[in-house]
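Asks: Protein chains in written order, with my numbering: chain A, 82 to 232; chain B, 82 to 232. One structure, as C-alpha cells, below. Some questions next.
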DNA sequence: AAAATTTTGTTGCTGATGCAACTAATAGGA
DNA sequence: TCCTATTAGTTGCATCAGCAACAAAATTTT
C-alpha cells in the first residue's frame, strides 16, 4: 500500500512547493516577478551575458517559458537584448541598470530566505542534504533523460 | 550573489520536478491519471472512505483541484460519492471496484519507482533524507502558514 | 553550391491551476 | 427562533505551463 505521507516523490513535491510558494511571494509582492523571471534575472546577475538558450538550460526551464519571461522583462526595461553578430539566430541578453538594481535588492533577500529556511538544520546536516539532493538529481536525470522542470 | 545551482529552493524544485514528471508519465501513460487524480486514488486506497476536504488536506491540494479531480474520476467510474446523511454538505467518497483495481495495479508501480529512484542512497542515507525532509517541511509550514501545494 | 538537417527563439493552442465568488448546509449567538 | 458566521464543495475567470508548429539562421551532406 502507498502511504502518501511516506511516499518520497510526494514529500519532495510538498516540500518544494512550500518553499517555492513562500519564495515566490517575495518575488511577486516585492518586485512583481514570476519564478521564471527570477531565474532569468538570477542567471544574468551571475553571468552578465547569456542567450535564452543558456538561460533555459541553466534554470531548467522550457524554452517557451524563457522566451515569455524574457519578453516581459524586456518590456519592463529590466533586461536588454542584442543580436549576436556571429550567429544571428541568437540574442545576447543582459540586465539593464534597473534590472541589476532589482537583482541586487532581491539576491540578499533570497539568500536570507534560504538561510532562514535551512536554519533548522545544522551545518553538517545542510552539507549532507545538499549532497543527497545532488546524487538524487543526477540519478533522476538518468532515469528520465528528456525534459525541463517547472517554472 | 545567488548561484542558482547552489540555491536550495531552486534545487529542491528541480529535483521534485524531475521525479514528479517521471512518475506522472507512469500515471498518465499507463492509467490516464493526473497527479491530483493519483493523490485522490492513493488517499482512498489508503483510507476507504474520505470526504473531499479530507483528501485535500491529506494530499496538500487546493479544494478546487480536488473537486475537479473527483469529478473526472467519478465520470470515469473510478470513485463513487455518497452524501453524508449526518451533514449533507459533505460527500463520502470511495473507490469503485474498478477504481480499486487501478489502485492495486498502480500502487506497486509507484513503490517500484520510488525504490528505483532512491536506490542510489544507502538505507541509512534514506532514513537521514526522510528525516531532513520532515524537519524542513515542518519548518517551512511555520514560515508560510497558509497555502496548498502543486497538483 | 544546393538540399537537407539542426538550432534558436516565437507563438497559437490546449489543459491545468489557484483565486474568488457563489450555493447549500450547518452551527452559533442574541 | 431569527440572524449571522462558518464550512463543504463547485465553478467562472484569468494566468501560466508545455507542446507542437513555425520562421530564420547556421551547419552538414552530397
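Just so it is clear, CB atoms sit at the ideal spot from N, CA and C, and this is done for glycine as well. As the structure is a prediction and not an experimental result, all values here were calculated from the model.
1) Given a threshold of 16 other Cβ atoms within 10 Å of its Cβ, counted over all protein chains shown, does residue 111 (chain B) qualify as buried or as exposed?
2) Does residue 165 (chain B) come within less than 8 Å of chain A when only Cβ atoms are used?
3) Of the choices B:82, B:83 and B:90, whose alpha-carbon is the least far from that of residue 211 (chain A)?
4) So, helix, strand or coil for residue 169 (chain B), using DSSP?
5) Closer than 8 Å is the cut-off here; do at least three beta carbon pairs connect the stretch 169–177 of chain B with the stretch 102–111 of chain B?
6) Classify residue 54 (chain B) as buried or exposed, calling it buried when 16 or more other Cβ atoms lie within 10 Å of its own Cβ.
7) Between the stretch 194–214 of chain A and the stretch 140–152 of chain A, do at least 3 Cβ pairs fall closer than 8 Å?
8) In whole angstroms, what separates the C-alpha of residue 229 (chain A) from that of residue 88 (chain A)?
9) Return the CA-CA distance between residue 133 (chain B) and residue 215 (chain B), expressed in angstroms with no decimal places.
10) I'd like to know if residue 115 (chain A) contacts chain B, where contact means its C-beta is closer than 8 Å to some C-beta of that chain.
11) Where do the ends of the beta strand (DSSP E) carrying residue 160 (chain B) lie?
12) Which same chain residues end up closer than 7 Å to residue 190 (chain A) when comparing Cβ atoms and leaving out the 5 residues on each side of it in sequence?
13) With a Cβ-Cβ cutoff of 8 Å, do residue 150 (chain B) and residue 115 (chain B) count as a contact?
14) Starting from the beta carbon of residue 195 (chain B), find every residue of chain A whose beta carbon is closer than 8 Å, and list them in chain order.
15) Report the partner residues of residue 174 (chain B) according to the DSSP bridge assignment.
16) Quick check: is the beta carbon of residue 67 (chain A) nearer than 8 Å to any beta carbon in chain B?
17) Can you tell me where the alpha helix (DSSP H) with residue 214 (chain B) in it begins and where it stops?
18) Determine whether the beta carbon atoms of residue 192 (chain A) and residue 83 (chain B) lie at a separation below 8 Å.
19) Run through chain B and tell me which residues come within less than 7 Å of residue 206 (chain A), C-beta to C-beta.
Replies: Well, looking at it:
1) Within the second chain, residue 111 (chain B) is the residue found at index 30, counting from 1. Exposed: under 16 other Cβ atoms inside 10 Å.
2) Working through the second chain from its first residue, we reach residue 165 (chain B) at position 84. Cβ-Cβ to chain A under 8 Å: no for residue 165 (chain B).
3) On the first chain, position 130 is the one that residue 211 (chain A) refers to. Closest option to residue 211 (chain A), Cα to Cα, is B:90.
4) Looking up residue 169 (chain B) in the second chain gives position 88. It is coil, neither helix nor strand.
5) no
6) One cannot answer for residue 54 (chain B) here, as it falls past the ends of chain B, which runs 82 to 232.
7) no
8) Start at 1 with the first residue of the first chain, and residue 229 (chain A) comes out as number 148. Start at 1 with the first residue of the first chain, and residue 88 (chain A) comes out as number 7. The predicted position of residue 229 (chain A) is uncertain, since its pLDDT is 43 and thus under 50; a value taken from the coordinates is nonetheless stated next. Cα-Cα distance, rounded: 23 Å.
9) Residue 133 (chain B) sits at position 52 when you count from the first residue of the second chain. Residue 215 (chain B) sits at position 134 when you count from the first residue of the second chain. C-alpha separation (whole angstroms): 25 Å.
10) Position 34 of the first chain, counting from 1, holds the residue named residue 115 (chain A). Closer than 8 Å: no.
11) In the second chain, residue 160 (chain B) corresponds to position 79, counting from 1. Segment 160–164, the beta strand (DSSP E) holding residue 160 (chain B).
12) Here residue 190 (chain A) refers to the residue found at position 109 when the first chain is read from its first residue. Hits under 7 Å: 107.
13) Here residue 150 (chain B) refers to the residue found at position 69 of the second chain. Here residue 115 (chain B) refers to the residue found at position 34 of the second chain. Yes, the pair counts as a contact, with Cβ atoms nearer than the cut-off.
14) The count along the second chain starts at 1 and reaches residue 195 (chain B) at position 114. What residue 195 (chain B) touches in chain A: 88, 89 and 90.
15) Position 93 of the second chain holds residue 174 (chain B). In the DSSP output, where bridge partners are listed per residue, residue 174 (chain B) has B:131 and B:162.
16) In the structure displayed, chain A extends from 82 to 232; residue 67 (chain A) sits before or after that span and is not available.
17) In the second chain, residue 214 (chain B) corresponds to position 133, counting from 1. Looking at the DSSP string, the run of the alpha helix (DSSP H) that includes residue 214 (chain B) is 204–224.
18) To locate residue 192 (chain A), count along the first chain from 1; it is residue 111. To locate residue 83 (chain B), count along the second chain from 1; it is residue 2. Against a cut-off of 8 Å, the Cβ pair of residue 83 (chain B) and residue 192 (chain A) comes out as a contact.
19) What you label residue 206 (chain A) is simply residue 125 of the first chain in a count that begins at 1. Within 7 Å Cβ-Cβ: 213.
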